[in-house]
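The number in our numbering is simply the position in the sequence shown, starting from 1, with 6 added. The C-beta atom is built at its ideal place from N, Cα and C for all residues, glycine as well. Note that the structure is predicted; figures quoted are calculated from it, not measured.
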Amino acid sequence: MQDSFTFRLPLKVQVSKRNTFILNLNNYRNAHHRVLSVAKKNYHHIISGLGLPNVKYNKVKVYYKIYPPSRRLYDGSNVVSVVDKFVMDSLQKIGVIKDDDIFHVVAPTWLPCKPDKDFPRIEVTVVDISGTEQEKYLQELELIYNNKQ
Numbered sequence: 007m008q009d010s011f012t013f014r015l016p017l018k019v020q021v022s023k024r025n026t027f028i029l030n031l032n033n034y035r036n037a038h039h040r041v042l043s044v045a046k047k048n049y050h051h052i053i054s055g056l057g058l059p060n061v062k063y064n065k066v067k068v069y070y071k072i073y074p075p076s077r078r079l080y081d082g083s084n085v086v087s088v089v090d091k092f093v094m095d096s097l098q099k100i101g102v103i104k105d106d107d108i109f110h111v112v113a114p115t116w117l118p119c120k121p122d123k124d125f126p127r128i129e130v131t132v133v134d135i136s137g138t139e140q141e142k143y144l145q146e147l148e149l150i151y152n153n154k155q
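Here it is, written out as structure tokens:
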């Protein structure tokens, strides 16, 4: 079984014929719920059309590399927070991960990369952590949460 895979996604998504939605928390906070719904559906359409490997992971760690369009400073957490939400929901919907809760996904890690004005993007790497110390930690956490004493 493949233990990881990587794919590339845009930093913005089309929401109408003339408008795009730039994926960051500031825009997410200020956008109308209908715009957010269209953005999420369209991003899912992009992800589901990538031909991702037909794998089923129980517990994963996700890494993001951000390639911005310019050298302008940005808050990487604002970008990754929205992208991570859309990506995890899509991976769950297409069956790559069982769930995107705290028992199945270790906190995402992101890395800023050099600007790429021709192809700004975010690269996503999903790693199966089965049999690792991180999986053992998630199992212990699940026991704590499920303990009804």
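Output needed for residue i: all residues of its chain with C-beta closer than 6 angstroms, excluding positions within five of it in sequence on either side, in chain order.
| i | result |
| --- | --- |
| I100 | S54 |
| G82 | I72, W116, P118 |
| D122 | Y73 |
For residue i, tell me which candidate among the options has the shortest Cα-Cα distance.
| i | options | result |
| --- | --- | --- |
| I86 | N32, D134, H38 | Strictly speaking, residue 86 in this sequence is Val, with Ile absent from that position. Checked all of N32, D134, H38; the closest Cα to V86 is N32. |
| S76 | C119, L56, R24, H38 | C119 |
May I ask you to report which of helix, strand or coil DSSP gives residue i?
| i | result |
| --- | --- |
| I28 | strand |
| R14 | strand |
| I103 | strand |
Since residue i is in the beta strand (DSSP E), which residue starts that stretch and which ends it?
| i | result |
| --- | --- |
| L170 | In the structure displayed, the chain extends from 7 to 155; residue 170 sits before or after that span and is not available. |
| R127 | 127 to 134 |
Could you check where the alpha helix (DSSP H) with residue i kicks off and where it finishes?
| i | result |
| --- | --- |
| V68 | From DSSP, V68 is part of no alpha helix (DSSP H) but of the beta strand (DSSP E) over 66 to 73. |
| N60 | Unbroken run through N60: none, as it is neither H nor E. |
| Y80 | First-last for Y80: undefined, no H or E at that position. |
| K23 | First-last for K23: undefined, no H or E at that position. |
| A45 | 39 to 54 |
| K142 | 139 to 152 |
Between residue i and residue j, is the Cβ-Cβ spacing less than 8 angstroms?
| i | j | result |
| --- | --- | --- |
| D124 | D106 | no |
| Y49 | F13 | no |
| I135 | V102 | no |
| V61 | D90 | no |
| I128 | L15 | yes |
Leaving aside the five residues before and after residue i along the sequence, list all residues of the same chain whose C-beta is less than 7 angstroms from its C-beta, in chain order.
| i | result |
| --- | --- |
| N30 | N84, V85, V88 |
| N25 | none |
By Cβ distance, which residues of its chain are closer than 8 angstroms to residue i, with the 5 residues on each side in sequence left out?
| i | result |
| --- | --- |
| V133 | D9, S10, V66, K67, V68, Y69 |
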